[in-house]
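Peer 1:
Numbering (mature numbering (1 follows the signal peptide of the UniProt record, and there is no 0)), first residue to last: -28 to -1, 1 to 270.
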């Protein structure tokens, strides 16, 4: 009997051990196999940021015609130029003739103007260097929608000959601006020196000239860009456009540092290069008012 008890005990121990082994194996099968740790992700290469060129003088004085400023074009161009170069531009907005006079006196670093014969003379006299074409628009003749002088659609010289008869007021800027110089060139081509009560030379900018023509029910020569910027608030309309004589190109000219050693020539050259670059051209061509393009880059 004792032998049988020992035998039973021994069997019980074996069964227990076997059960424990099975339970342990089952637990191990349910556990997920250890996974290899992932390799660390390679560092992402950051694109190199373009570096602004370093300029010793980051202040630039631009003397320019009123049309580039009054239309709002400079509000687009100058921030883009500063982002690229770090240069702040102070603007003197006057007629082309006055802008050139300011530059002749060394009170500007660069000019942006629109009177090609005067620009060429400015360079020939040594006041400016390396003139570059920037953009163009055109001049238009504005007048009352009723067109009392009957000049709509005429060639510009024929129209001016009729206006000289004095049937309606003609408002002239009279300020030696690019627009005024173009007007004078047309009168000169006809051998006419305008005078009389019909001819009003007001010595003011383009906006004032257009407003005066609007108030007087008169005619005026204007650049298309300024007209578009004012079109919604005036009654005068374009009565004459498209004549080849009315093409209006703009040029940029740095002031000659040999004549005025204090000018910021490096900044002036950077400005000239920017507004004639593909980036600058994109800003010029993309600038619109009332859905209309005001200037066309060259």
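For each residue, glycine too, the CB sits at the ideal point set by N, CA and C. Since the model is a prediction, treat every value here as computed from it, not as a measurement.
Residue 251: which of 241, 269, 42, 172 sits nearest, CA to CA?
Peer 2: If we check each option's Cα against that of residue 251, 269 comes out closest.
Peer 1: What is the DSSP secondary structure of residue 168, counted as helix, strand or coil?
Peer 2: In the structure shown, residue 168 sits in coil (DSSP, three-state: anything other than H, G, I, E or B).
Peer 1: Round the Cβ separation of residue 155 and residue 193 to the nearest angstrom and send it over; I've been treating them as touching at under 8 Å.
Peer 2: Correct: roughly 5 Å between the Cβ atoms.
Peer 1: Looking at residue 163: is its Cβ nearer than 8 Å to the Cβ of residue 138?
Peer 2: Their beta carbons are not under 8 Å apart, which means residue 163 does not touch residue 138 by this criterion.
Peer 1: With a threshold of 8 Å, are at least 3 pairs of Cβ atoms found where one atom belongs to the region 211 to 226 and the other to the region 100 to 117?
Peer 2: Touching, yes.
Peer 1: Curious, which full-length beta strand (DSSP E) runs of at least 3 residues does the region 83 to 166 contain?
Peer 2: Taking only runs of at least 3 residues, the beta strand (DSSP E) segments lying wholly in the region 83 to 166 are 104 to 115, 142 to 144.
Peer 1: Select from 215, 258, 94, 57 the residue whose C-alpha is nearest the C-alpha of residue 29.
Peer 2: If we check each option's Cα against that of residue 29, 57 comes out closest.
Peer 1: Rounded to whole angstroms, what is the Cα-Cα separation between residue 72 and residue 89?
Peer 2: Computed Cα separation, rounded: 12 Å.
Peer 1: Is the beta carbon of residue 188 sitting closer than 8 Å to the one on residue 123?
Peer 2: No.
Peer 1: Going by Cα to Cα distance, which pick from 203, 245, 230, 220 is closest to residue 40?
Peer 2: Checking every option, the nearest Cα to that of residue 40 belongs to 220.
Peer 1: Bridge partners of residue 62, per DSSP?
Peer 2: In DSSP, residue 62 forms a bridge with 33.
Peer 1: Please report the straight-line C-alpha distance between residue 94 and residue 85, rounded to a whole angstrom.
Peer 2: Each residue's Cα considered, the two are about 11 Å apart.
Peer 1: Cα-Cα, which of 38, 45, 67, 83 is closest to residue 237?
Peer 2: For residue 237, the nearest C-alpha among the options comes from 83.
Peer 1: DSSP puts residue 77 in a beta bridge; with which residues?
Peer 2: Note: residue 77 sits in no beta bridge, so no partner.
Peer 1: For residue 181 and residue 119, I'd like the C-alpha separation in whole angstroms.
Peer 2: Straight-line Cα distance between these residues: approximately 18 Å.
Peer 1: Closest to residue 152 by CA distance: which of 262, 232, 172, 248 is it?
Peer 2: Looking at the Cα atoms, 172 is the closest of the given residues.
Peer 1: Where in the region 213 to 268 do unbroken runs of the alpha helix (DSSP H), each at least 4 residues long, occur, reported from the N-terminal end onward?
Peer 2: Fully enclosed alpha helix (DSSP H) runs of 4 or longer: 237 to 247, 250 to 258.
Peer 1: What did DSSP end up calling residue 207 once you bin it into helix, strand or coil?
Peer 2: If DSSP states are grouped into helix, strand and coil, residue 207 belongs with coil.
Peer 1: Using a 10 Å radius around the Cβ and a threshold of 16 neighbouring Cβ atoms, would you call residue 177 buried or exposed?
Peer 2: Residue 177 is buried by the Cβ-count criterion.
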